[in-house]
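See structure below.
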Amino acid sequence: MRVATVLLLALLAMLCFVPVFSQEVDMENEVTEYDEEMSLEDETTEFVELDDEVEEEATLEEEETEFVEEELEVSKTNCGVYAKAKRSKIRGNGGTTYTVVKINRAHLTNPSSASLSPTASDNTITVGTACAFNTMAAAAKKSGLRLTINSGFRTLARQQYFWNCYVSKKCNGGNLAARPGTSNHGRGVALDINVASGAVYNWLAKNARKYGFIRTVPTERWHWEKRY
Ligand SMILES: [Zn+2]
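Counting the sequence shown from 1 gives a position; the working numbering is that position plus 62.
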């Protein structure tokens with residue numbers, strides 16, 4: 063009888079404790095699940111916030127994005143004379159190295175400068191800007207106009223020269239020049255286009271934006287910059 067009683071008590075004890083034990087385990091699991099849910103919710107909230115930011119940026123940069131797409135298309139299909147032009151590396155603003163090509167003779171106001179060194183003449187152009195200019199020049203040609211470049215990419219030494227001229231007023235007509243390191247010619251996006259002809263200027267004012275070029279210096283009708 064004693065053995066039976068002990069067994070019975072043991073069985074009762076098991077019946078009582080097992081559910082309690084299981085419940086505890088479940089509760090622990092629940093807590094864990096709840097924690098996980100919290101973490102997931104937190105992350106989801108972060109994603110939503112990020113999405114909002116991305117959307118805002120997308121709206122602001124819509125215009126620029128269009129230029130980038132156009133640029134990519136232009137690079138692939140319409141580089142024309144620049145598609146196979148020899149690339150070289152040259153240092154511009156902040157010591158950054160840019161990949162440039164020589165400006166094609168047909169695109170230079172002074173074709174003889176094509177043979178000069180890039181440190182003696184602004185006769186190079188970054189590849190992306192070259193492709194966009196090529197497309198724009200071809201379009202202008204259809205309207206009977208010839209677009210030519212007076213100044214393309216500039217090394218720091220060249221910009222220093224123009225800056226010194228601006229300060230001393232003894233060279234380059236004393237024209238306004240940006241402090242060395244700050245000119246967008248040293249980033250490969252600025253071109254000084256020959257606008258001696260009013261018809262050329264008017265055409266640019268009306269059409270350059272289509273090719274990603276905009277005027278950025280109010281006093282310089284010749285200075286156009288490629289936006290990427
Ligand atoms: Zn300029």
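The beta-carbon is built from N, C-alpha and C at its ideal position, and this holds for glycine as well.
Computed from a prediction, not measured in an experiment: that's the story for all the values here.
Spatial neighbours of residue i in its chain, beta-carbon cut-off 8 Å, leaving aside the 5 residues before and after
i, result
"A270", "M198, I276, R277, W286"
"A219", "T181"
"N256", "T171, L209, T210, I211, N212, V262, W284"
DSSP-derived helix/strand/coil call for residue i
i, result
"W284", "coil"
"Y160", "strand"
"T188", "strand"
"S213", "strand"
"Q85", "Confidence in Q85 is poor, its pLDDT being 42 and thus under 50, which makes the residue's placement too unreliable to answer from."
"A267", "helix"
"S150", "strand"
"L170", "strand"
Chain-order list of residues whose beta-carbon lies under 6 Å from that of residue i (same chain, five-residue window excluded)
i, result
"D254", "N212, S213, W284, H285"
"N155", "G243, G248, R249"
"S183", "S175"
"A192", "Y144, V163"
CA nearest to the CA of residue i, picked from the options
i, options, result
"T159", "A202, T244, N226, S150", "S150"
"K204", "V262, G274, Y144", "V262"
"A201", "S174, N155, N140", "N140"
"I152", "Y290, R249, G142, T210", "R249"
"V189", "N166, G243, K272, T210", "N166"
"A145", "F195, P173, S175, L178", "F195"
"A168", "V143, T191, W225, T161", "V143"
"R241", "K231, T161, W225, S230", "W225"
"S17", "V162, A192, T191", "This structure cannot speak to residue 17, because the chain is shown only from 63 to 290."
Sequence-distant residues of its chain with Cβ nearer than 7 Å to residue i (five each side left out)
i, result
"N246", "A252, E287"
"G236", "C227, Y228"
"D113", "Interpretation of D113 is limited by its pLDDT of 39, a score under 50 that renders its predicted location unreliable; no figure is taken from the coordinates."
"N172", "none"
"N264", "none"
Through-space distance from residue j to residue i, alpha-carbon basis
i, j, result
"L170", "N185", "8 Å"
"Y290", "Q222", "26 Å"
"K272", "C233", "35 Å"
"F215", "L266", "20 Å"
"K164", "A239", "23 Å"
"S177", "L209", "20 Å"
"E135", "A258", "Reliability of the predicted coordinates at E135 is poor, the pLDDT of 46 falling under 50, and the value obtained from them is presented with this limitation in mind. Taking the straight line from one Cα to the other gives about 31 Å."
"K147", "K231", "Looking at the sequence itself, residue 147 is Ala, so the reference to Lys does not match. One C-alpha to the other measures close to 37 Å."
"G274", "S174", "28 Å"
"L207", "G157", "37 Å"
"T217", "G260", "30 Å"
"I187", "P280", "23 Å"
"K268", "E282", "16 Å"
Residue i at chain D interface by Cβ criterion, 8 Å
i, result
"K268", "The structure shown contains no chain D; it holds only a single protein chain."
| Of all the beta strand (DSSP E) runs that stay within the bounds of the segment 210 to 265, which reach a length of 3 or more residues? | 211 to 213, 252 to 255
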